[in-house]
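Take a look at the structure below.
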Amino acid sequence: MRTVFFTALLGLISFADTKPLEKRNQGVTLSEEPAGRVARSGPLELEKLFKRYNAPAPAHVRRAAKRALAEHEKRDGGANGSVVATPQAGYDIAYMVPVTVGNKKVHLKVDTGSSDFWALSTLIPSADAGTHNLYEPSSSRVADWTWGTHYLDGSYAEGVVYEDKVELGSLTFEKQVIEAANMVSDKFTDSPYDGLMGMAFDKVNTVKPVKQQSFFNNIKTHLPQALFTANLKKGAAGSYTFGTINPDEYTGDISYVPVDASKGLWEFTTDGYSVGNNGSATNSSASWPGIMDTGSSLLTLPADVVRTYYAAVPGAVNSPVWGAWVFPCDTVLPAWSAVIGGKTATVPGAYINYAPVDAQTCFGGIQENHGMDTSIYGDIFIKSQFVVFDQTQATPRIGLARQSGVVYPF
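Under mature numbering (1 follows the signal peptide of the UniProt record, and there is no 0), read the sequence shown as residues -18 to -1, 1 to 392, first letter to last.
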């Protein structure tokens, strides 16, 4: 998946000495904040997903993304590869959470698809800083430790390692491993985020020569429960809660599915699916692995599952121009449901309309995974659910429940 470069694995060592200043029986909720004006582009988002997992994107996906980028640059009058414009009415924009690192407040993307806690820092060239809030490293650099992540498209972020405090709302955790960026590509400086809070498992951490525990692994024993929840919203700011489950954020029961953490990611198994608003199983024998990834936007699935869905969408086509499944924007989409942990998790049809690609045509939030060895359950899915990332047991697990306030078709 990601290119992780380190020279020796001397055993997983946690450098952090976690010392919360608040009571151990208190959890904390971080509310998202809007991440500026970010336009949504389906073709670019699909290509980005393949790059994120270091999987080769099909040629028609690359062509569509190149065309979309050229159109954005022409429209916005820029040539630096950024995609920043007035948000399209009726569609989500990006969100971030405020976190204090050292003595500086930065805005991070919570990312369950990576395991590095990194921030743009005052070590990057001033010309790259833009309007970002930069982490100001302390004097407590960890000698000779570095980190870095590189992607197939040539984008990268890398730097050096410090020890500093992290404040999540009312909770303070001392002596955390902070990966301070000193070199980054335009992909990251053009992003509205100041860095990432990686919430995956230790295996995909990129610190070398000694791989580090993830931030959550460092703090989990000092929380009431070793879990965090994602209560993300369509068209509005959501929240993440650490250490407790808020019963007001979901309805019904939470169903759990075991996680296979062998890849270092929140990977689980889907055991069936249905298309439509009545919940009847289309294929109860279908089974495939998937990764719950707050760092991705789309829901990518096996080709036969996706084609079955769009067969129920009037006017839907797998477009070579747009590199993906698209449909008339005035189409009323059916729901899509998955059997996970023995219960059905439903994505209402309105959530599957990702964004327009032109005045009449919209890009589907469900797309084919084109041979990737797993499916990616990004925000299209997550924003329709209440999700628990649970490490309270020997085997990690994911919990799903219906999110309070979401209107489900059945």
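Beta carbons are placed, not taken as given, at the ideal position from N, Cα and C, and that holds for glycine. From a predicted model like this one, the values you see are computed outputs, not experimental measurements.
CB contact flag (residue i, residue j, <9 Å)
i: P166; j: V143; result: Inspection of the sequence shows that residue 166 is occupied by Val rather than by Pro. Contact flag unset, no.
i: I380; j: L280; result: no
i: N351; j: A243; result: no
i: Q373; j: L209; result: yes
i: A17; j: P174; result: yes
i: S196; j: G261; result: no
i: P80; j: V339; result: no
i: W307; j: I348; result: yes
i: V333; j: P316; result: In the sequence as displayed, the identity of residue 333 is Tyr instead of Val. Result no, Cβ atoms of Y333 and P316 do not sit closer than 9 Å.
i: Y77; j: L214; result: yes
i: L360; j: T252; result: Here residue 360 is Gly; the residue named in the question, Leu, does not match the sequence. No, Cβ-Cβ distance for G360 and T252 is not below 9 Å.
i: F155; j: A163; result: no
i: S278; j: L31; result: yes
i: E118; j: G84; result: yes
i: V303; j: A125; result: no
Member of the options whose CA lies at the smallest distance from the CA of residue i
i: Q342; options: I236, G297 and G217; result: G297
i: I273; options: R44, D176, A182 and A52; result: A182
i: G305; options: V10, K215, A41 and H132; result: A41
i: E27; options: V288, A337 and D355; result: A337
i: F368; options: T171, G360, P330 and R384; result: R384
i: Y35; options: T203, K87, S121 and K245; result: K245
i: G387; options: D172, Y133 and D230; result: D230
i: L283; options: G346, P240, D172 and V241; result: G346
i: A212; options: S366, D355 and P391; result: S366
i: P240; options: Y232, P271 and K216; result: P271
i: L153; options: E29, E55, N335 and V10; result: V10
i: C344; options: M354, T328, V295 and A327; result: V295
i: A111; options: L382, D168 and V303; result: D168
i: P206; options: N187, T226 and K216; result: T226
i: D312; options: S301, N335, M354 and R44; result: N335
i: A268; options: G258, V287, Y138 and N259; result: V287
i: K216; options: H114, K325, N187 and P330; result: P330
i: T377; options: M354, T356 and E249; result: E249
Presumed contact (8 Å Cβ cut-off) between residue i and residue j, rounded CB distance
i: G323; j: Y255; result: About 14 Å; that fails the 8 Å criterion.
i: L178; j: F224; result: The pair is not a contact, with the Cβ atoms about 16 Å apart (cut-off 8 Å).
i: K86; j: L116; result: 7 Å
i: D176; j: H89; result: 5 Å
i: F371; j: T94; result: 6 Å
i: S221; j: S13; result: 5 Å
i: G136; j: T128; result: Wrong, their Cβ atoms sit about 19 Å apart, outside the cutoff.
i: A219; j: E15; result: 6 Å
i: I201; j: L382; result: Not confirmed; about 24 Å, so no contact.
Span of the alpha helix (DSSP H), counted from its first residue to its last, around residue i
i: N199; result: F197 to I201
i: F170; result: D168 to T171
i: A285; result: A285 to Y292
i: F32; result: G24 to R34
i: D93; result: That residue, D93, is in no alpha helix (DSSP H); its beta strand (DSSP E) goes K86 to D93.
i: F363; result: D361 to I364
CB contact check: residue i to chain D, cutoff 9 Å
i: V339; result: No chain D appears in the structure shown, which is made up of a single protein chain.
Span of the beta strand (DSSP E), counted from its first residue to its last, around residue i
i: F384; result: Looking at the sequence itself, residue 384 is Arg, so the reference to Phe does not match. Element bounds for R384: R379 to Q385.
i: I273; result: W270 to M274
i: F99; result: F99 to L102
i: N259; result: Element bounds for N259: n/a, residue is neither H nor E.
i: S221; result: S221 to F224
i: Q147; result: At residue 147 the sequence reads Lys, which differs from the Gln that was named. Run containing K147: Y138 to L150, per the beta strand (DSSP E) assignment.
i: Q367; result: Q367 to D372
i: Y77; result: Y77 to V83
i: Y336; result: N335 to P338
i: S279; result: No beta strand (DSSP E) contains S279, which DSSP labels as neither H nor E.
i: G129; result: This sequence places Trp at residue 129; Gly is not what is there. Per DSSP, W129 belongs to the beta strand (DSSP E) from R123 to H132.
i: W318; result: W318 to I322
i: P38; result: Taken as a continuous stretch (DSSP letters only), P38 belongs to no beta strand (DSSP E), as it is neither H nor E.
i: D235; result: Y232 to P240
i: N213; result: L209 to N213
i: N300; result: V299 to S301
Give a yes or no on contact between the region 37 to 55 and the region 96 to 109, applying the rule of three or more CB pairs nearer than 8 Å. no
Are at least three pairs of beta-carbons, each pair with one atom in the region 105 to 116 and one in the region 186 to 194, less than 8 Å apart? Segments in contact, no.
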